[in-house]
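Read the structure below first, then the notes.
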Amino acid sequence: MVKYTGYGNAAGMFARKGLLGRSQANTNYSSESEDSETEEYTKFKEQINPVTGCFENPKPNPLEGMTDAQKEYEALQLVNLVDKLTREGVVRPCRIGDDGKPKPIEHVLELQSELPRQQYGRKDSDSE
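This note's numbering runs 138 ahead of the 1-based position in the sequence shown.
Now the structure itself:
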């Protein structure tokens, strides 16, 4: 399903249905078999945006020709803009609650405390 709709659309649907939880079931919502890909999809696969699931023409690399100082400046601008969006309540960082649904956090350190548990769960699923 992610293959044809994009990560963003699929993530929203999974969140609404509470499927982002830490369930131990190894459920595969998208078929990875070669048979599931249509000829049309295979032909345009590299030009499909994985987030939106839409076809996009190739774009030039915006960082090409920039110095490291310019890249660092742009990165800091991005950090400041994201911080502003967070402070103004436009964007609310979340963590996944026990019910599998996103829960807004009060402070960014809540994400840091959640990280070891997420990494532990990822190691378990990687070994299977």
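Virtual Cβ for every residue (Gly too), placed ideally from N, Cα, C.
Where LYS241 is concerned, the enclosing beta strand (DSSP E) starts and stops at 240-242.
The continuous stretches of alpha helix (DSSP H) do not include ARG230, and DSSP gives it neither H nor E. If you draw a straight line from the Cα of LYS209 to the Cα of LEU201, it is about 7 Å long. Taking the C-beta atoms as reference points, PRO231 is found no nearer than 8 Å to LEU214. The straight-line gap separating the alpha-carbon atoms of LYS181 and HIS245 is approximately 45 Å.
Residue ASN187 holds the alpha-carbon nearest to the alpha-carbon of LYS197 among GLY235, THR205 and ASN187. Nearest to GLY156 by C-alpha distance, out of GLU252, GLY238, ASP206 and SER251, is GLY238. Of the other Cβ atoms in all chains shown, 16 or more fall within 10 Å of the Cβ of ALA148; this residue is therefore buried. One Cα belongs to MET151, the other to PRO240, and the distance between them is close to 12 Å. Bounds of any alpha helix (DSSP H) do not take in THR190, whose DSSP letter is neither H nor E. Between the C-alpha atoms of ILE243 and VAL228 there is a straight-line separation of about 14 Å. Remark: C-beta atoms of GLU194 and GLN185 approach each other more closely than 8 Å.
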